[in-house]
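Peer 1: In terms of this note's numbering, the sequence shown has 943 at position 483, counting the first letter as 1, and numbering is strictly consecutive. Below is the structure I would like to discuss, written out as structure tokens.
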Amino acid sequence: MRLRALLDTDALGLKLLGGEDELDRTVRGVMTTDLRDPSRYLSGGELVLTGLAWRRGPADSEPFVRLLVQAQVAALAAGEAELGSVPEDLVVACARHRLPLFAVHESVAFATITEHVVRQVSGERAGDLAAVVDRHRRMMTSGPAGGGPDVVLDLLGSDLDLRAWVLSPTGRQVAGPKDAEPALSTEVCAKLAAEHLAATRTGRRAPHRVSVGSTTYSLFPVRARGQLPATAAGTRVAPGAASGREVRETVLSDWLLVVEADAGDWAEERLDLLYGVTQLIAVERDRRDAARTVRRRLAQEVLELVQTGAAPAEIAARLRVAAPVLLPGLGAAPHWQVVVARVEWADGDAQTSRVAQTLLEEILVDPHATGPEQSDRIAVAHTGEEAVALVPLPAVSTEHDGSEAGVLAEALLESVREPLSAGLDGDGRVTLGVSAAVHSAEGLRGALEEARHARRVAAARPGRVCAAGHQELASHVLLLPFVPDDVRRAFTARLLDPLRDYDRRHRAELIPTLEAFLDSDGSWTRCANRLHLHVNTLRYRVGRIEQLTGRDLSRLEDKLDFFLALRMS
461 MRLRALLDTD
471 ALGLKLLGGE
481 DELDRTVRGV
491 MTTDLRDPSR
501 YLSGGELVLT
511 GLAWRRGPAD
521 SEPFVRLLVQ
531 AQVAALAAGE
541 AELGSVPEDL
551 VVACARHRLP
561 LFAVHESVAF
571 ATITEHVVRQ
581 VSGERAGDLA
591 AVVDRHRRMM
601 TSGPAGGGPD
611 VVLDLLGSDL
621 DLRAWVLSPT
631 GRQVAGPKDA
641 EPALSTEVCA
651 KLAAEHLAAT
661 RTGRRAPHRV
671 SVGSTTYSLF
681 PVRARGQLPA
691 TAAGTRVAPG
701 AASGREVRET
711 VLSDWLLVVE
721 ADAGDWAEER
731 LDLLYGVTQL
741 IAVERDRRDA
751 ARTVRRRLAQ
761 EVLELVQTGA
771 APAEIAARLR
781 VAAPVLLPGL
791 GAAPHWQVVV
801 ARVEWADGDA
811 QTSRVAQTLL
821 EEILVDPHAT
831 GPEQSDRIAV
841 AHTGEEAVAL
851 VPLPAVSTEH
861 DGSEAGVLAE
871 ALLESVREPL
881 SAGLDGDGRV
891 TLGVSAAVHS
901 AEGLRGALEE
911 ARHARRVAAA
921 RPGRVCAAGH
931 QELASHVLLL
941 PFVPDDVRRA
951 FTARLLDPLR
961 DYDRRHRAEL
971 IPTLEAFLDS
981 DGSWTRCANR
991 LHLHVNTLRY
1001 RVGRIEQLTG
1011 RDLSRLEDKL
1021 DFFLALRMS
């Protein structure tokens, strides 16, 4: 279809702001994004939809538009809901680069535009399948009439006789057909999610076919910010064929559509229809992600206040704002727990805090929960190389063993370890730390440090997916303030004085090297990058530390002793 046709469709609510001479451009797909650099997801010819969340100031418009032009997109459509109108700097940048620009009225959902373009560019379909897509489109509109992915799956069953489910990357059932008997068990969901993640990691093309017992399932990736699965020419671009950095950024966050059927002998038209359905489900995924924006912003504000040492009264005021958003109807301020997560890659790639943010939001949802979406009660921020979750607890009770109820470290990973291990196999790790519950702003800083220390303990353990809780810190970190001064001095002198003396005589920087090595959880690559050293130089310094102290930094016990000595010094 051509851009000109979009203006002729009143229901889309588009207003042309620039690019009148370029309206004969052909649209081959559609993409919704708020990434500052979405170019890796673009193949050319797309209509790009954006809510402008990437824009922090006027200077951001020029580089964003330049990236779109380099990716050869057809046009840009900016929503007016966030800022009230499209900023003038964006209009100027688009005019400079001859990129057609549309304004999307705040009353029009991006889903409406997406589905219109999908129907126009997907080519000819069998009559009955086209009718199903049209019905799905009507059901997936925003507002109280929309039924979400459950309605899509019900229509797949009623119109195409296909039983289907939507799963999260950890195997949690997001949606399923009504009255489906027998239902997918937790074990089957975990296995399907694991097979999907493993197939995506190894670059196998979708759909992925998996047999569980006597049943065959076909797995279709649901790309939250991916490419349109079909071009105007009818050539399908299978999601899941991505590799490298893109896989790392999506494999732990994308949903998947599970169909109880063997898609190996399906015709192209039927496969295209299923990929079209994944696009409809992706609209719902994007809607849920957008709904998390307020909670993420609240968490980010609280985290920044805590890390910058703000007054407890200021933090408490921010928590009072967060409480009714996360727990509507709550009469009093809740208790809080802090959970810290980090995703690490084998080559030391540390640009993963947003991946950890999305993953932590998923992990913190109880896979067996019923009723309202529990992620509506979770606020996750990201900072540096980690994600930090602020989890409200309406009340903190005491279990029969005397421990406080709340988020438990190992329980978080019980149902997600299998799929996540498959998604990280040979390349990455996920480590989590969980604090104790606190009931005031004064305790939040300590809870954050506690969760970070717990995550360090988890990182020292073997395995792809590890967690540690505050209970495991009771023998050292929580007791540090009560250690007598003479014991502190003796302990730290025995471990650190030989290194300090050596540093004074040789300017060898062994103490900073030791601190960086422990902060990097013993990763040679990340520590060398952090210190701007060659790995061989780092190995020499660590060897000198071990020689001077008689300790072995490959042993967890010696790492913990050094860690405590540095904390007490």
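Glycine residues also receive a C-beta, built at the ideal position from the N, C-alpha and C atoms.
If S895 and V798 are in contact, beta carbons under 8 Å, what's the gap, nearest whole angstrom?
Peer 2: 4 Å
Peer 1: Short of 6 Å in beta carbon distance, which residues of its chain neighbour K475, apart from the five on each side in sequence? Order them along the chain.
Peer 2: Excluding sequence neighbours, K475 sits near A563.
Peer 1: Pull up the distance between the alpha-carbon of G489 and that of L970, whole angstroms please.
Peer 2: The alpha-carbon atoms of G489 and L970 are separated by roughly 56 Å.
Peer 1: Go ahead and pull the three-state DSSP assignment for V876.
Peer 2: V876 falls in the coil class under three-state DSSP.
Peer 1: Alpha carbons only, please: which of E482, D481, A513 and V533 is nearest the one belonging to Y501?
Peer 2: V533
Peer 1: Take G769 as the anchor and find which of V800, T572, L904 and R1015 has the nearest alpha-carbon.
Peer 2: L904
Peer 1: Check this for me: beta carbons of E804 and R889, under 9 Å apart or not?
Peer 2: Taking 9 Å as the cut-off, the Cβ atoms of E804 and R889 count as close.
Peer 1: At the level of alpha carbons, what is the spacing between A928 and L955?
Peer 2: 26 Å
Peer 1: Can you have a look at H992 and say buried or exposed, based on whether 16 or more other CB atoms are within 10 angstroms of its CB?
Peer 2: exposed
Peer 1: Identify whether K1019 lies in helix, strand or coil by the three-state DSSP scheme.
Peer 2: helix
Peer 1: Using only the alpha-carbon positions, how far apart do F570 and I823 sit?
Peer 2: 28 Å
Peer 1: Does the structure place the stretch 711-726 close enough to the stretch 736-750 that three or more beta carbon pairs sit under 8 Å?
Peer 2: Of all C-beta pairs linking the stretch 736-750 to the stretch 711-726, three or more are shorter than 8 Å, placing the two stretches in contact.
Peer 1: Out of curiosity, what's the CA-to-CA distance linking D1021 and A806?
Peer 2: 26 Å
Peer 1: My assumption, with CB atoms under 8 Å, is that H795 sits in contact with A911. Please give the rounded CB distance.
Peer 2: So it is not a contact: roughly 14 Å between Cβ atoms.
Peer 1: Quick one: using the 10 Å Cβ neighbour count with 16 as the cut-off for buried, is S980 buried or exposed?
Peer 2: buried
Peer 1: Report buried or exposed for D621, applying the criterion of at least 16 other Cβ atoms within 10 angstroms of its Cβ.
Peer 2: D621 comes out exposed.
Peer 1: What's the gap between the Cα of P772 and the Cα of E902?
Peer 2: Each residue's Cα considered, the two are about 5 Å apart.
Peer 1: Helix, strand or coil: how does DSSP classify A571 here?
Peer 2: helix
Peer 1: DSSP state of Q687, grouped into three classes?
Peer 2: In this predicted model, Q687 has a pLDDT of only 43, less than 50, meaning its place in the structure is not dependable; the value taken from the coordinates is given anyway. Three-state DSSP puts Q687 in coil, outside helix and strand.
Peer 1: When we look at the beta-carbon of K638 and count the other beta-carbons within 10 Å, is it buried (16 or more) or exposed?
Peer 2: exposed
Peer 1: Indicate the three-state DSSP secondary structure (helix, strand or coil) for S521 in the structure shown.
Peer 2: helix
Peer 1: Distance, Cα to Cα, R632 vs C649?
Peer 2: 7 Å
Peer 1: Am I right that A721 and L731 are in contact with their C-beta atoms under 8 Å? What's the rounded C-beta distance?
Peer 2: Not confirmed; about 11 Å, so no contact.
Peer 1: Looking at the structure shown, is Q817 part of a helix, part of a strand, or coil, going by DSSP?
Peer 2: helix
Peer 1: By the 10 Å Cβ neighbour count, where 16 or more other Cβ atoms means buried, how is G831 classified, buried or exposed?
Peer 2: For G831, the predicted structure reports a pLDDT of 40, less than 50, and the residue's modelled location is therefore unreliable. A value from the coordinates is still provided. Answer is exposed; the Cβ neighbour count stays below 16.
Peer 1: Give the C-beta separation of V529 and A538 to the nearest angstrom, bearing in mind that I take them to be a contact with Cβ-Cβ under 8 Å.
Peer 2: With a Cβ gap of about 15 Å, V529 and A538 do not count as contacting.
Peer 1: With distances taken from CA atoms, which of T510, Y677 and V577 is nearest D494?
Peer 2: Here the closest residue by C-alpha is T510.
Peer 1: For C926, write down the residues that DSSP places opposite it in a beta bridge.
Peer 2: T891
Peer 1: Per the DSSP calculation, G903 is bridged to which residue(s)?
Peer 2: None; G903 has no bridge partner.
Peer 1: My guess is that R665 and T676 are in contact by the Cβ rule of under 8 Å, so how many angstroms apart are they, rounded?
Peer 2: Actually they do not touch by this definition, with Cβ atoms about 17 Å apart.
Peer 1: For S521 and D468, what's the separation of their Cα atoms in angstroms?
Peer 2: 27 Å
Peer 1: For D549, which option in G517, Y1000, L733 and A531 has the closest C-alpha, if you only look at C-alpha atoms?
Peer 2: G517
Peer 1: To which residues does DSSP link M491 through a beta bridge?
Peer 2: V508
Peer 1: Looking at the structure shown, is S678 part of a helix, part of a strand, or coil, going by DSSP?
Peer 2: strand
Peer 1: W443 by DSSP, collapsed to three states: which one?
Peer 2: This structure cannot settle anything about residue 443, because the visible part of the chain is limited to 461 through 1029.
Peer 1: What does the Cβ neighbour count give for E1112, buried or exposed, with the cut at 16 atoms within 10 Å?
Peer 2: Because the chain in this structure spans residues 461 to 1029, residue 1112 falls outside the shown range and cannot be described.
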